[in-house]
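Residue numbers 20 to 611, in the working numbering, belong to the letters of the sequence shown in order.
See below for the structure under consideration.
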Amino acid sequence: MSYPRALARSLLLLALVPVVLVQLVATVVPAVVVLVHPGIAVRRLTGRWRAMFGRWLGREIPVPYAPEPGPPQPDEEGLYRHDSQLYRSPRLPAYLAKVDWFAKDPALARDVQWMALFPFVVLLIVPLGLPVAPWAVRAVAAWSACLLKPGAARKAGGRRTDRVLLAWARLGLLVVCAAVQLVLFGITLVLFTFGFGLGLIFLIPLGLTHMRWLLNLRRSYASWGGVTIERPYAPPREPELRPDGLFRVNNTLYKTENMAKFNAHWQWVWHDPASWRDLSFLVVDASVTGVIAGLPVVAGIYGAWGLALPWVWTQAFGAEWSRWYGAFFGDRTLGLLVGVGLVAAALAAAQPALRMVSGWTQGLLKPTAKEELRRRVERLTQTRADAVDAQAAEVRRIERDLHDGAQARLISVGLTLGAIERLMDTDPAKARQLVAQARETSQTALTELRDLVRGIHPPVLSERGLPDAVRALALDTAADVTVTGRLEGRLAAPVESAAYFAVSELLANAVRHGRAAAVAVDIRHVGGVLRIRVTDDGGGGADPSRGTGLRGIERRLGTFDGTLAMDSPAGGPTVASLELPCALFSPKTSTS
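What follows is the structure, given as structure tokens:
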């Protein structure tokens, strides 16, 4: 790279600093207020910088984003699903899927990290590196390419530096969320004023629900601190149509459906404890998150700003700026040390602060004990119904397989034996041929019966237990499967069967859909819970909401109050975690 070209590129990098700062705001705000399309447009601008840095380095930088979700597909009832909600129209599920795709893409966090650090990196390297401009430009381009490329799958969460910088960027996003929450609380006060003061009662439920999208986003952000928060809202109420044509909501009857629906919605929002917990969170969280997350963010920005600008200004341009705060008592070196200390303290506090904010969020936004009990009862009721349906379907399958397979062959054997009986005296040679044919048919019927029994409950599972049964299953898998862990006793037979077939489905998916070459299965029983972890090196992208096989595993485990958690980013790896509450029996007293 020639020096004049490097000098021109250095000036371009300096000119990009305010552009990237505006781009940072235009990216973070859509991620917070769920204006997806402006965020996607800004993402395309990031793609231009990615291509530019690739040209400067003489190589292509791969695009890291997950593929955009396709249009939602209707189920057998013509409804469209997103998470646990069903919709009549595909518009809202498609929009929400795009929100999840944009906001939950790991590449978004890397883009935000790059945009937040780009001004400081450019202002530190480019002015000081003007004498060696080609080196400085290439250093900025290489650093940008490292952040803007797809994130490599790293064990134990990646390098510590990456985790710290990402935690600090996430704290900045939480500060933006807290500011938006203040705005939403102001909107709530306005809606309550018009609702209660002017009698516009239709605004009151809106005052308690308009902020749910942001608080659901905060619940998802709690995972950054290792906390999982379920949405606590009760299911919507629907009016009951009586035989006399009236609509009932609790103990009140309505003549029109619209009025009944409005009052059902009103009572659903007003009596839901989660609505008032959300409102309390809006009031208090701005100060709590502002202090916990804001201090490291302000310290990092303050320190980096004081670290860079006064030193660069005086050294590069010869101007005197000793009164500026970056030069303590007129001493630029002391200002440099203070700036380094502030940045170091901000980065050191980033991860603990992120965990504190997540714990605080969990304290107010998690479901109450009553709501968790209601969900548990509802889930168990649904899974029991699914288990009954699955059992009936399994009985029909077994009956069909027996009727079309083994039963037909046994009938054929019976007819062949009758023919042999008639030919024994008249045509012994033909009778011997029929005997051989009957033997083949009986062996085929026996093989089909064995396969059918193995599909119902594998003999190795009854004889050796779950870990050995999974090892036997691994031998029949095309990928290289490693099974670790052991159980000190035996599980109840239904639990063993559910866990075995769940692992079997996950192994099949890893090979068939993920094209995995290596799979690791770890089986443990800790604290009264069977925990199975299946990790593969496939292409990733597994989603229970889009796969009938994974949803089948959820239903199978749900019968025993078990859960399936998937972590499958695009490009892999895929980690499936199964948990089944159960007790261990000693081998002598095993129920299997």
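Quick reminder that beta carbons are idealized off the backbone N, C-alpha and C, glycines included.
Model, not experiment: these values are computed from the prediction.
Any idea what DSSP makes of residue i, helix, strand or coil?
| i | result |
| --- | --- |
| tyrosine 252 | coil |
| serine 163 | helix |
| threonine 65 | helix |
| aspartate 130 | helix |
| threonine 275 | coil |
| serine 221 | The question names serine, yet the displayed sequence has phenylalanine at residue 221. Reduced to three states, the DSSP call for phenylalanine 221 is coil. |
| leucine 32 | helix |
| methionine 375 | helix |
| histidine 532 | coil |
| aspartate 124 | coil |
| aspartate 562 | coil |
| proline 169 | coil |
| alanine 460 | A small correction: the amino acid at residue 460 is threonine; alanine does not occupy that position in the sequence shown. Correct three-state label for threonine 460: helix. |
| leucine 98 | coil |
| proline 88 | coil |
| serine 306 | helix |
| alanine 188 | helix |
| isoleucine 144 | helix |
| phenylalanine 604 | strand |
| histidine 284 | helix |
Excluding the five sequence neighbours on either side, which residues of its own chain have a C-beta within less than 6 Å of the C-beta of residue i, listed in chain order?
| i | result |
| --- | --- |
| glycine 264 | none |
| valine 651 | Nothing can be reported for residue 651, as the shown portion of the chain is limited to 20 through 611. |
| glycine 244 | Leu373, Arg374, Ser377 |
| leucine 54 | Its pLDDT being 48, under 50, leucine 54 is placed unreliably by the model, and nothing is read from it. |
| alanine 497 | Val530 |
| asparagine 282 | Val268 |
| leucine 105 | Leu98 |
| aspartate 580 | Pro600 |
Hey, out of the options, whose CA is closest to residue i's CA?
| i | options | result |
| --- | --- | --- |
| isoleucine 320 | Thr593, Phe139, Leu494, Arg267 | Phe139 |
| glutamine 452 | Ile439, Leu526, Pro255 | Ile439 |
| valine 202 | Ala305, Leu225, Gln92, Cys165 | Ala305 |
| glycine 504 | Arg189, Val545, Leu465 | Val545 |
| isoleucine 206 | Gly218, Ile220, His229 | His229 |
| tryptophan 379 | Glu257, Ser242, Ala457, Ala450 | Ser242 |
| valine 359 | Leu384, Ala323, Thr387, Pro386 | Ala323 |
| valine 479 | Met134, Leu506, Ala186, Tyr519 | Tyr519 |
| phenylalanine 604 | Leu485, Gly571, Trp285 | Leu485 |
| valine 396 | Gly577, Phe266, Leu222 | Gly577 |
| alanine 589 | Pro125, Tyr114, Arg63 | Pro125 |
| threonine 308 | Cys196, Val151, Leu494 | Cys196 |
| proline 64 | Ala45, Pro81, Thr400 | Residue identity check: residue 64 is leucine in the sequence provided, not proline. Answer by Cα proximity: Ala45. |
| arginine 238 | Val131, Arg261, Gly382 | Gly382 |
| leucine 76 | Ala160, Pro109, Trp133, Leu32 | Ala160 |
| leucine 184 | Arg129, Arg74, Gln42, Ala602 | Arg129 |
| arginine 398 | Ala27, Ala158, Gln370, Glu573 | Glu573 |
Going by the beta-carbon positions, is the gap between residue i and residue j smaller than 9 Å?
| i | j | result |
| --- | --- | --- |
| glycine 533 | threonine 435 | no |
| arginine 531 | aspartate 541 | no |
| serine 299 | tyrosine 252 | no |
| leucine 142 | valine 39 | no |
| glutamine 200 | leucine 127 | no |
| alanine 537 | valine 502 | no |
| proline 2 | lysine 168 | This structure does not reach residue 2, given that the chain is present from 20 up to 611, and the question cannot be answered. |
| alanine 135 | glycine 66 | no |
| alanine 25 | proline 146 | no |
| glutamate 249 | lysine 385 | yes |
| leucine 492 | leucine 549 | no |
If I measure Cβ to Cβ from residue i and keep anything under 8 Å in the same chain, skipping five residues before and after, which residues do I get?
| i | result |
| --- | --- |
| alanine 116 | Pro88, Pro91, His101 |
| tyrosine 273 | Pro258, Leu265, Phe266, Arg267, Ala279, Asn282 |
Got a sec? Which residues, its chain only, sit under 7 Å from residue i by beta carbon, not counting five neighbours each side?
| i | result |
| --- | --- |
| leucine 21 | Just to set this straight, residue 21 is serine in the shown sequence, not leucine. For serine 21, where only same-chain residues beyond five positions count, there are no Cβ hits under 7 Å. |
| leucine 219 | Phe213 |
| glutamate 79 | Gly73 |
- Say whether the region 358-374 touches the region 309-319, bearing in mind that this needs 3 or more beta-carbon pairs closer than 8 Å, one atom from each stretch. Under the Cβ criterion (8 Å, minimum of three pairs), the region 358-374 counts as touching the region 309-319.
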